[in-house]
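Note that the protein sequences, when read in sequence, are chains A and B.
Sequential numbering of the first sequence, starting at 0, is according to numbering that gives the first Met the number 0.
Sequential numbering of the second sequence, starting at 0, is according to numbering that gives the first Met the number 0.
Please read the structure below before turning to the comments.
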Amino acid sequence: MNFSNFLLMRHEILLLTITLLLLIGEIFINKNKKSSLVHLAIFLFGIHTAIGFFAIDECSIFGGSFQTNNLIHLFKNVLNIGVFTLLLQSADWIQEKIVNQNRGTEFFILLFTSLLGMYFMISAGDFLMFYIGLELSTLPVAALASYETLKRKSSEAGIKLILSAALASGVSLFGISLLYATSGSIFFHNIIEVITSTNLTILGFILFFAGLSFKISLVPFHFWTADVYEGAPISVASYLSVISKGAAAFILMVLMFTIFKPLIHTWENIVYIVALATMFIGNLFALRQQNMKRFLAFSSIAQAGFILLGLITGTQLGTATVVYFILIYIFSNLAAFGVVQAISLKTGKENMDDYNGLYRTNPNLSLVMMLALFSLAGIPPVAGFFGKFFLFTAAASKGYYLLVFLAVVNVTISLYYYLLVVRAMFIRKNDHPIPFFKNKLYMRLGLLITVIGILVLGLYSPLYDYIYELSSIYN
Amino acid sequence: MNFTYIILIPLIPLVSFLLLGIFNKKIKPGISGYIGVAGLSTSAALSFYTAYTYFFTIGKVDGVYQTFVEKITWMNFTDTLAIDMGILIDPISVMMLVVVSTISLMVHIYSRGYMKGDDGYTRFFAFLGLFSFSMFGLVLATNLFQIYIFWELVGVSSFLLIGYYYTKSSAVAAAKKAFIVTRFADLGFLIGILIIGYYTGTYDFETLNNPEGSTILNWASSSFMGLSIITWALILIFMGGAGKSAMFPLHIWLPDAMEGPTPVSALIHAATMVVAGVYLVARLFPMYYFVEDGFALNIVAYVGAFSSLFAAIIAITQTDIKRVLAFSTMSQLGYMMLALGVSGYDGHEGVGYMASMFHLFTHAMFKALLFLGAGSVIHAVHSNYLKDMGSLRKYMPITNITFLVAALAISGVFPLSGFWSKDEILVAAFEHNKLIYFVGIFVAGLTAFYMFRLYFGIFWGKNTTYKHTPHESPISMTFPLMILAFISIFSGFIPFSELITPDKAGFEAHLNIPLAIVATIIGLIGIGLAYIFYKKENDLADRFSNAFGIFYKWTFNKFYFDEIYLFVTKKIIFNRIAGPIARFDKKVVDGTMEGIGNKTVVISKKIKGIQSGKVQDYALSFIAGAVVLALVFIYLWTN
Chain A
0 MNFSNFLLMR HEILLLTITL LLLIGEIFIN KNKKSSLVHL AIFLFGIHTA IGFFAIDECS
60 IFGGSFQTNN LIHLFKNVLN IGVFTLLLQS ADWIQEKIVN QNRGTEFFIL LFTSLLGMYF
120 MISAGDFLMF YIGLELSTLP VAALASYETL KRKSSEAGIK LILSAALASG VSLFGISLLY
180 ATSGSIFFHN IIEVITSTNL TILGFILFFA GLSFKISLVP FHFWTADVYE GAPISVASYL
240 SVISKGAAAF ILMVLMFTIF KPLIHTWENI VYIVALATMF IGNLFALRQQ NMKRFLAFSS
300 IAQAGFILLG LITGTQLGTA TVVYFILIYI FSNLAAFGVV QAISLKTGKE NMDDYNGLYR
360 TNPNLSLVMM LALFSLAGIP PVAGFFGKFF LFTAAASKGY YLLVFLAVVN VTISLYYYLL
420 VVRAMFIRKN DHPIPFFKNK LYMRLGLLIT VIGILVLGLY SPLYDYIYEL SSIYN
Chain B
0 MNFTYIILIP LIPLVSFLLL GIFNKKIKPG ISGYIGVAGL STSAALSFYT AYTYFFTIGK
60 VDGVYQTFVE KITWMNFTDT LAIDMGILID PISVMMLVVV STISLMVHIY SRGYMKGDDG
120 YTRFFAFLGL FSFSMFGLVL ATNLFQIYIF WELVGVSSFL LIGYYYTKSS AVAAAKKAFI
180 VTRFADLGFL IGILIIGYYT GTYDFETLNN PEGSTILNWA SSSFMGLSII TWALILIFMG
240 GAGKSAMFPL HIWLPDAMEG PTPVSALIHA ATMVVAGVYL VARLFPMYYF VEDGFALNIV
300 AYVGAFSSLF AAIIAITQTD IKRVLAFSTM SQLGYMMLAL GVSGYDGHEG VGYMASMFHL
360 FTHAMFKALL FLGAGSVIHA VHSNYLKDMG SLRKYMPITN ITFLVAALAI SGVFPLSGFW
420 SKDEILVAAF EHNKLIYFVG IFVAGLTAFY MFRLYFGIFW GKNTTYKHTP HESPISMTFP
480 LMILAFISIF SGFIPFSELI TPDKAGFEAH LNIPLAIVAT IIGLIGIGLA YIFYKKENDL
540 ADRFSNAFGI FYKWTFNKFY FDEIYLFVTK KIIFNRIAGP IARFDKKVVD GTMEGIGNKT
600 VVISKKIKGI QSGKVQDYAL SFIAGAVVLA LVFIYLWTN
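Right, dumping it as structure tokens:
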């Protein structure tokens, strides 16, 4: 063990340093100047994101507890970009509503801690590290969900999240213990060698799967989603639906393609059923939602169902398409949440009817929202189409034609409700539309990044080629 | 010869769209019209130049028209399947370039007059630019994936253009309907593409269409439910085409789409977007023809023939002039489809294919003319309904004459363009399938009848007294009418059989005199009947429709197709499935939450309330889900 090994954990160490710096800043900076910490946090995280792009060696350190490879490294960068965009979109909210309660820094510290947990979770080389990462990523978010303590719904969201999360991680832990019982090890590389398809391992897998499904909000482990999204501050809902879901889906995929690979004949059926249930339930519930946050909650449940179409394959193609889809989904959903955030901040309005006639007064915001919804709905040529199309191709390559067909039916259903919002903004008349307002720099920047992502990701193909190449490790 | 410059044809409208879209508020309306027209003029000039060089100087090598492809590999999707982007130059794509650019240019010019003073003038021209870009991209696509992207983009821009009058709720509903119905059809298209990708390993048109290629030779290698899997893919792809080209039973969006501005109807719903389906089948014609002895092609033929007849019957009874034209379009598209369906491949056998493309060309011209003429009439009398019109020939001489030209052309009167193309279609049908021939000839008679019912109803008929005296439209609107009338008269003399054939070698076409005489007589009978019924104001037509009672009512209501769809979607899907779910969510989920929220004031109490409330249920479903999965997969579904 030498110190250069620590540099392989560059992501984690940097983020921890930033968090500590902010903590120190929180203690020493004059109360009246706290808002400068917001700028500092965004600045530091921006640097952290940029540094992340420098290459890193593949490794397995701490006796195999912590491992990283190029795909994991890439995925951490994806998460960073998502969180950075999210910070930009949240900055105004924090400055206007939170800083004067003297709690601005907390937000960043909790958020970064949760992100740190995700780093450890996806880099884990054994179940202990995995579990610590999982908990570390969840607990701070529960605190964040109840962040607006003055609002009753926010506290309720926090409580609901933490109770559901506790249950999920308990179930998950039970599953892990069963796997330990059958394999005699918590290290992934040992488990791969000895795992076979027995009833006990299947039970262990299912419990483990249920625990992670909670984070991805797959049906029937999704019930918390709508309530929490609706009650939590928009930034937190956005974080849950984008970053948290993406990271959990990624690690689930990695584990299923490696240690649970021998169980593929079981889990492909499980994934099949859960995928169908998730898509249909998510879409049908989304059809008549009025509250935009609830609407996006159900839409994000349905989107998670689509991810499973890539997950079911267990191949390199599946890996590549899932990572690619998550990347695109992060931008699309962040764009949608960003617009909701901007409008809610200025006017406090969160209902679809309030959006009637928005195009007349705020054409730019409406266009961003339209792009985001078109991307979520999968309409070419925006990025979302490619993400979905590739997932479908991956599933079709394994012969799941019926599943693909039903998924395409779901795309058509989802198109209907996404168009409802577009209709409200562009077509419906409103005597008192939301008046024109100008967003501050951070918010505009945050939305701009998402728009670039939505437009460029679909058309800039080398990125997919690159992901596909990296995915060869999970073949 | 380098064809790379062709990329400019789609790019110029795109630039015009971006320019107008981004500087929406800053550009004066007058200027934005000029920008649109200037852009499209350039594209049109390039298209004509391409057509000239391709057809007459360099396209033909050793008597066969060559296919030129310029493409880049856009993405290596897997190790075996690559996706390209590029442009493909062959006889039909070049012909489509000419059609799209001509009509689009005419519509741009026309719209400067028609949309004058409208609130969103600049936005309108921006959307026209977007549409032209997508349509050019669709025409030039080199592979299935690329064509699908532009296919959807065309759908989006059409959605935006139909819903242009967003203050009109019917326009909004129509836009949504068009989008959803065509998307539903595209669902088939998409699955067809996926199947093709996985069974042939390529999306490339050239490779797929090669008669000696592995796709066509090995079609029988895998089958599904008694048919080759490739045949299934072709049927699914045709479903997408049928959606765009308004074939029965996916036609329901087209009549409603008439709520959009009339120039849009002329551009999208008469001449360009709706022929995309025909173009798609023509693009994959060798596959349709060779795979499983043309099983899928037969479906195309019968669907086309039936749609053609069905729509022509409905067109007779409609009273909204744009709807008559919409059903007429659907009928003529059916004509093109049936022509493709009865076509062979080599030499003179390919007459159906040639005739279909020929008719696509001539129909685009005279149908756009009809729509623009109708727009001119609507502009003058501010109504879409026949009852508000009559004797307009006195006020609108140019519109009258040009409309008459188009009506004669579509009725197949010698020597106008429609006569030639329709004659070739009937020849092809006569040689291959007598049943379809008789449907075709009957539809020809119906077409002549409803078209002249329309013509006499608008320009002759009763002496309507108008509140404001109608007047002829401005020159910006009549000029495109005159141009299109000119093309409609003379384009029949273009030697299509030498330019566009399935084997690309061309053949000598001869007029089949007996068939031509029969068709002409049938057409004249139609016109004659319309003359008797509608030339002068009389009650013959009413007496007739009364005598037919029920049949008339069914036809007038378009055989109640919309109602059936509405019943299925609204009553069954919304009320039976989505409704209860939404209610469940509202009553149970929300209700519980709000109930909890209202009753408790103190937060501590509230936490207690939540604990005893929903979260337990959530936990229950969570555990139940895990347990059920475990039980099922350990005891029931074991491998």
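Using N, Cα and C, we set each Cβ at its ideal position, and we do this for glycine too.
If you're wondering where the values come from, they're calculated on a predicted model, not measured in any experiment.
Rounded to the nearest angstrom, the Cβ distance from residue 247(A) to residue 292(A) is 20 Å, too far for a contact under 8 Å.
Contact annotation: residue 334(A) and residue 381(A) have beta-carbon atoms that are not nearer than 7 Å.
Among the residues of the region 19 to 37 of chain B, none has a Cβ less than 7 Å away from any Cβ of chain A.
Assigned with DSSP and collapsed to three states, residue 67(B) falls in strand. Counting only runs of 4 or more residues that sit fully inside the region 276 to 345 of chain B, the alpha helix (DSSP H) segments are 284 to 289, 294 to 316 and 320 to 340, in chain order. For residue 272(B), no alpha helix (DSSP H) run applies, since DSSP gives it neither H nor E. For residue 81(B), there is no enclosing alpha helix (DSSP H); the residue is part of the beta strand (DSSP E) that begins and ends at 81 to 88. Chain-order list of chain A residues neighbouring residue 75(B): 460, 463, 464 and 467, by C-beta distance under 9 Å. Less than 7 Å separates the beta-carbon of residue 310(B) from that of residue 329(B). Sequence-distant partners of residue 340(A) (beyond 5 residues in either direction) whose C-beta falls short of 6 Å from its own C-beta, in its chain, are 88 and 233.
Taking the CA atoms as reference points, residue 439(B) sits about 40 Å from residue 418(A). Identification of chain A residues near residue 620(B) by a Cβ-Cβ cut-off of 7 Å yields 219 and 222, ordered along the chain. Fewer than three Cβ pairs drawn from the region 86 to 105 of chain B and the region 460 to 470 of chain A lie within less than 8 Å of each other, which leaves the two stretches out of contact. According to the DSSP assignment, residue 30(B) belongs to the alpha helix (DSSP H) that extends over 28 to 51. Nearest CB-CB separation between residue 197(B) and chain A: below the 7 Å threshold. When 7 Å is used as the limit between beta carbons, residue 151(B) is near these residues of chain A: 378 and 379, in chain order. In the three-state reduction of the DSSP assignment, residue 514(B) falls in the helix class, which pools H, G and I. The criterion of a C-beta distance shorter than 7 Å is satisfied by residue 81(A) and residue 242(A). Contact residues of the region 258 to 291 of chain A toward chain B are 264, 265, 268, 269, 283, 284, 286 and 287 (C-beta to C-beta distance below 7 Å). Secondary structure of residue 78(B) (DSSP, three-state): coil.
Within the region 82 to 148 of chain A, no beta strand (DSSP E) run of at least 3 residues lies entirely inside it. Residue-level contact check: residue 82(A) does not touch chain B, since none of the beta carbons of chain B fall below 7 Å from its beta carbon.
Selection 519(B), 278(B) and 121(B) evaluated against residue 31(B) yields 121(B) as nearest (Cα-Cα). Residues of chain A with a Cβ closer than 8 Å to the Cβ of residue 632(B) are, in chain order, 201, 205, 265, 268 and 269. Ranking 190(A), 3(A) and 197(A) by CA distance to the CA of residue 256(A) puts 190(A) first.
Those residues of the region 169 to 199 of chain A placed with their C-beta closer than 7 Å to a C-beta in chain B are 170 and 198, ordered along the chain. The C-alpha of residue 192(A) is placed about 43 Å away from the C-alpha of residue 213(B). DSSP, read as helix, strand or coil, puts residue 72(B) in strand. With respect to chain A, the C-beta atom of residue 448(B) has no partner C-beta closer than 7 Å. Residue 378(B) and residue 451(A) have their C-alpha atoms spaced approximately 42 Å apart. Classified as buried, residue 354(A) has 16 or more neighbouring CB atoms from the shown chains inside 10 Å of its CB.
Of all residues in the region 401 to 416 of chain A, those with a C-beta nearer than 8 Å to a C-beta of chain B are 403, 404, 407, 408, 410, 411, 414 and 415, reading in chain order. Going by beta carbons, residue 77(A) and residue 239(A) fall outside the 7 Å limit. By the 16-neighbour rule on beta-carbons within 10 angstroms, residue 264(B) is buried.
Interface annotation, residue 148(B): in contact with chain A, CB-CB separation under 7 Å. For residue 391(A), the neighbours in chain B by C-beta distance under 7 Å run, in chain order, 193.
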